[in-house]
Structure formats: structure tokens, C-alpha cells
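*Asks:* Before we start, here is the structure in question, set down as C-alpha cells.
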């Protein structure tokens, strides 16, 4: 039987179509995925992302543990509330999961990982933490709501009681701030401005209703997927996995190579891959003409070599099919994609495809 978040009844009352997602009953849409997508791009929408796993890390060696565990370096975080996106790697350099770490102090951090990788993530972390003086605690008492869109800040500010709280919303990307009983993070998965709010399960329904009253529309996971694809954001298990390194998933920017003596898990194999001219590339594609790009479709390069689409969909903002693909290093500006036995033309473009509601495609 699937698990239910603290907001399950709110979804049912709003007419959501519920589906099983990573073992949870989650809303895929509330009537129209396309309308919900446009709502986030043009105004503000909110997602129940309480299925995500929230972990608190505490202890004298919490910082040292994360510097060993992650490809990115938490030593970069100097101010309480700042956050870092990183991959957690296997010893061979493959991606166990991608996650966000919030810095509270040198001895206290908050970590958010994916729902579908919960068991293996926690098991891996608990195995690695044995040699460090630190403890990991799962916060199943917390829910998480993502509020995203160009008007997200204004509508969220209308709910906060004082000037200090409102000013906290002006803080930069990847910042988390404890405000009353809310932990508000300036993070998201849509390419729009917005927040991810952690709140106790007991208070989640009230916060959800306040957001509805403020004009923030409930939005399902279907729109969340098309929004993240337009924003060029990877999805674990689709665009990256344990047999793929971050260098082959377009995530080289998440690796902190300096200082050279930081021996994070997976560093050796990544160093061996670094600079290899034959390493697969992670690129954006736009289909020229009609059709839909989907994961696992074959990408054919002019020299006859082949790659594969990892994520693909119709883009509601661009009104055309887009995709992310892993292809040989000989990638050209023009390729073909095999769709139902036909080879259709596509072109390579820079990602993201969309930022702040605007097309970035030339």
C-alpha cells in the first residue's frame, strides 16, 4: 500500500488525479497538466513534495563527513542557511543520488534527498558515517511544500507576519531560513523564482490552505516534470544513475576539485575521466517538426555513432518537443532521432531551454 503525505486529503478535495510515485500516493495533476505548467511560468503554483526525504546531520565531525561523502564541498558554505547542490558518488564515480545540503553550523546540516532512493541513500550514509563523530536523523515529522513562479515571492510574503520574515524572502538562491515554525529555502526545481518550505506535518494542511487563499494554485508532479525539463534540470534514475558519472550527466559544475587534497568518495575515477576527449556529452535537443521526444529514443549523429535521449517531452512553454540526451563526443549541431522507426531531424541547443518564463532557444 502506498504511503500518504499529510496533505493527501487536500489533494482529494481539490480533485487531484492520484498516482503511485516512489511508493507514495501523489497528485499527477488537478485537471490539466498544461494549465498547471503555465500557471507556474506566469504566476505561482505549489507542489506537495513531502515524499522527499529530509535528514538532519549533527555532530563535531558533521562537516568532515560531508566533505568526504559529497563531490561538492560544504566548506564553501560560510553563512547559516546557505545551501549546496551536490552528487553523492559510488567509489567508482557513479551517482548514488543528487541532493541539497543546508548549512546551519559547522556541526549541524539539513539534507534533502530523493524519495525513490531513500533506503539506499540512508544505508550508504550510515555506512560511511561510522568513522565520524556525527549522527544522522530522518525527519519524517516534516512536510515540504514548493511554491514556484514569478509571483511566488509576493504571495508568500503576504502570509508572513513581520518585516524580518519578509526580508528573509529576498535572500539569494540556495538559502534556507528558519522563520517561526517554517524552514523556508530559496530553492526549487522549475527554473522559476520560489521556495521550498519545510513545516511540521500537523501544520502542513493549514499552510496549504493559506497559500490557496493567497492565490497559489495546487500543481501536480506532471507539470513539475515538464517544468524541470525546460529548466534543464536532471532527474535521478533518468538522466543520471549509479553507472553514470556526473561528468557524463552535465554536472561537472557540481564537483569541487579544489582543494586537491580533499579525497571525496569517487574522486579517483572522476580524475581519470576528467579531460577525456571521448567522454560522452550531455546535451539539449529540439525536434524540428512534429513529434514527441521520449526517454530511450535513439539519437543518430552524422558520423553514424549513436546516443540516447534520457528525458524528453512536449514543452508547453516552447510549444515543441525538447529533450536531454547523452551522446558521443562527436556530437554535431544537427542530429536525427529515431521515433517509431522514422529518423526525424533535431538540433542541439544550449540548456536550459527556458528561464524565468522566457525561451532561451535561438
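In this note's numbering, the protein residues as written are 780 to 1141. Built from N, CA and C at the ideal position, the CB exists for glycine as well.
1. How would you label residue 861, buried or exposed, when you count the other beta carbons within 10 angstroms and need 16 or more for buried?
2. Specify the secondary structure class of residue 878 as computed by DSSP and reduced to three states.
3. For residue 903, which of helix, strand or coil comes out of DSSP?
4. Does the ligand SAH have a heavy atom nearer than 7 Å to the CB of residue 934?
5. Give, in chain order, every unbroken run of the alpha helix (DSSP H) that is at least 4 residues long and sits entirely within the stretch 816-891.
6. Just the C-alpha distance for residue 1057 and residue 1027, rounded to the nearest angstrom, thanks.
7. Relative to the C-alpha of residue 881, which candidate in 784, 889, 939 has its C-alpha closest?
8. On the CB-based measure, 16 or more other CB atoms within 10 Å of its CB, does residue 977 come out buried or exposed?
9. Judging by CA-CA distance, which residue of 872, 823, 837 is the nearest neighbour of residue 918?
10. In chain order, what are the residue ranges of uninterrupted alpha helix (DSSP H) at least 4 long that sit wholly in the stretch 919-944?
11. Residue 1097: which of 1006, 1087, 1051 sits nearest, CA to CA?
12. Please state the DSSP three-state secondary structure of residue 1075.
13. Measuring alpha carbon to alpha carbon, tell me which of 821, 1062, 1116 ends up nearest residue 1129.
14. Hey, how far is the Cα of residue 981 from the Cα of residue 1067?
15. Leaving out the 5 sequence neighbours to the left and right, which residues in its chain are closer than 6 Å to residue 1092 when beta-carbon positions are compared?
16. Could you pull out every unbroken alpha helix (DSSP H) segment of at least 4 residues lying fully inside the stretch 1038-1078, listed in chain order?
17. Give the single residue among 852, 924, 813 whose Cα lies nearest to the Cα of residue 828.
18. Looking at C-alpha atoms only, which residue of 970, 968, 975 is the closest neighbour of residue 961?
19. So, under 8 Å CB-CB, residue 1019 and residue 874 are touching, yes? Tell me the CB distance rounded to an integer number of Å.
20. Below 8 Å on the Cβ atoms is my contact criterion, and I expect residue 997 with residue 825 to pass it. Report the Cβ-Cβ distance as a whole number of Å.
21. Less than 7 Å between C-beta atoms, sequence neighbours within five positions excluded: which residues of the same chain meet that for residue 1022?
22. What three-state label does DSSP hand residue 981 in the structure shown?
23. Taking all protein chains shown into account, do 16 or more other C-beta atoms lie within 10 angstroms of the C-beta of residue 1141, making it buried, or fewer, making it exposed?
24. Is residue 989 near residue 786, with beta carbons less than 8 Å apart?
25. Let me know if residue 803 comes out buried or exposed under the rule of 16 or more other beta-carbons within 10 Å of its beta-carbon.
26. Taking all protein chains shown into account, do 16 or more other C-beta atoms lie within 10 angstroms of the C-beta of residue 1029, making it buried, or fewer, making it exposed?
27. So what's residue 813 in DSSP terms, helix, strand or just coil?
28. Taking the alpha-carbon of residue 1107 as reference, which of 813, 1055, 903 has the nearest alpha-carbon?
29. So, with DSSP's three-state summary, where would you put residue 1015?
30. Helix or strand or just coil, what does DSSP make of residue 1034?
31. Drop a sphere of 10 angstroms on the beta-carbon of residue 1076, count the other beta-carbons inside from all chains shown, and report buried for 16 or more, exposed for fewer.
32. Tell me, which residues are paired with residue 963 by DSSP?
*Replies:* By the coordinates alone:
1. On the chain shown, residue 861 is found 82 positions in, with the first residue counted as 1. Taking all protein chains shown into account, residue 861 has 16 or more neighbouring C-beta atoms within 10 Å of its C-beta and is therefore buried.
2. Translated into the one-based positions of the chain shown, residue 878 becomes position 99. The three-state secondary structure of residue 878, taken from DSSP, is strand.
3. Against the chain shown, residue 903 aligns to sequence position 124. Under the three-state reduction of DSSP, residue 903 is assigned to helix.
4. Absence of the ligand SAH is noted for the structure shown, with no ligands found whatsoever.
5. Taking 4 residues as the minimum length, the alpha helix (DSSP H) runs contained wholly in the stretch 816-891 are 841-848, in order along the chain.
6. Walking along the chain shown from the start, residue 1057 turns up at place 278. Walking along the chain shown from the start, residue 1027 turns up at place 248. Residue 1057 and residue 1027: Cα-Cα distance of roughly 11 Å.
7. Within the chain shown, the letter at position 102 stands for residue 881. Among 784, 889, 939, the Cα nearest to that of residue 881 belongs to 889.
8. Translated into the one-based positions of the chain shown, residue 977 becomes position 198. Buried: at least 16 other Cβ atoms inside 10 Å.
9. Here residue 918 refers to the residue found at position 139 of the chain shown. Considering only alpha carbons, the answer is 837.
10. If only complete runs of 4 or more residues are kept, the stretch 919-944 shows the alpha helix (DSSP H) at 931-936, in order along the chain.
11. One-based indexing of the chain shown puts residue 1097 at position 318. Nearest C-alpha to residue 1097 among 1006, 1087, 1051: 1006.
12. As a first step, residue 1075 is located in the chain shown; it is residue number 296 there, counting from the start. Reduced to three states, the DSSP call for residue 1075 is coil.
13. Here residue 1129 refers to the residue found at position 350 when the chain shown is read from its first residue. Taking residue 1129 as reference, the option from 821, 1062, 1116 with the minimal CA-CA separation is 1062.
14. Residue numbering aside, residue 981 sits at position 202 when the chain shown is read from its first letter. Residue numbering aside, residue 1067 sits at position 288 when the chain shown is read from its first letter. Straight-line Cα distance between these residues: approximately 49 Å.
15. Translated into the one-based positions of the chain shown, residue 1092 becomes position 313. Residues 1005, 1008 of the same chain have their beta carbon placed closer than 6 Å to that of residue 1092, with the five preceding and five following residues left out of the count.
16. Within the stretch 1038-1078, the complete alpha helix (DSSP H) runs of at least 4 residues fall at 1046-1052.
17. Translated into positions along the chain shown, residue 828 becomes position 49. Among 852, 924, 813, the Cα nearest to that of residue 828 belongs to 924.
18. In the chain shown, the residue the question calls residue 961 occupies position 182. Cα-wise, what sits closest to residue 961 is 975.
19. By one-based count along the chain shown, residue 1019 stands at place 240. By one-based count along the chain shown, residue 874 stands at place 95. Correct: roughly 4 Å between the Cβ atoms.
20. Residue 997 sits at position 218 when you count from the first residue of the chain shown. Residue 825 sits at position 46 when you count from the first residue of the chain shown. Between residue 825 and residue 997 the Cβ distance is about 6 Å, and since that is below 8 Å, they are a contact.
21. Counting from one through the chain shown, the residue named residue 1022 turns up at place 243. Exclusion of the five residues before and after residue 1022 leaves 873 as the residues of its chain whose Cβ lies within less than 7 Å of its Cβ.
22. Translated into the one-based positions of the chain shown, residue 981 becomes position 202. Helix.
23. Position 362 of the chain shown, counted from the first residue, corresponds to residue 1141. Exposed, since its Cβ has fewer than 16 Cβ neighbours within 10 Å.
24. Here residue 989 corresponds to residue number 210 of the chain shown, with the count starting at 1. Here residue 786 corresponds to residue number 7 of the chain shown, with the count starting at 1. Not a contact, by the Cβ cut-off of 8 Å.
25. The residue you call residue 803 lines up with position 24 of the chain shown. Looking at its Cβ environment, which holds 16 or more other Cβ atoms inside 10 Å, residue 803 is buried.
26. For this step, residue 1029 is matched to residue 250 along the chain shown. Around the CB of residue 1029, 16 or more other CB atoms lie within 10 Å, so the residue is classed as buried.
27. The count along the chain shown starts at 1 and reaches residue 813 at position 34. Judged by DSSP in its simplified three-state form, residue 813 adopts helix.
28. Residue numbering aside, residue 1107 sits at position 328 when the chain shown is read from its first letter. Per the Cα distances, 1055.
29. The residue given as residue 1015 occupies position 236 in the chain shown. Reduced to three states, the DSSP call for residue 1015 is strand.
30. By 1-based counting over the chain shown, the position of residue 1034 is 255. In the three-state reduction of the DSSP assignment, residue 1034 falls in the coil class, being assigned neither a helical nor a strand state.
31. Here residue 1076 refers to the residue found at position 297 when the chain shown is read from its first residue. Residue 1076 comes out buried.
32. Taking the first residue of the chain shown as 1, we reach residue 963 at position 184. According to DSSP, residue 963 bridges with 956, 976.
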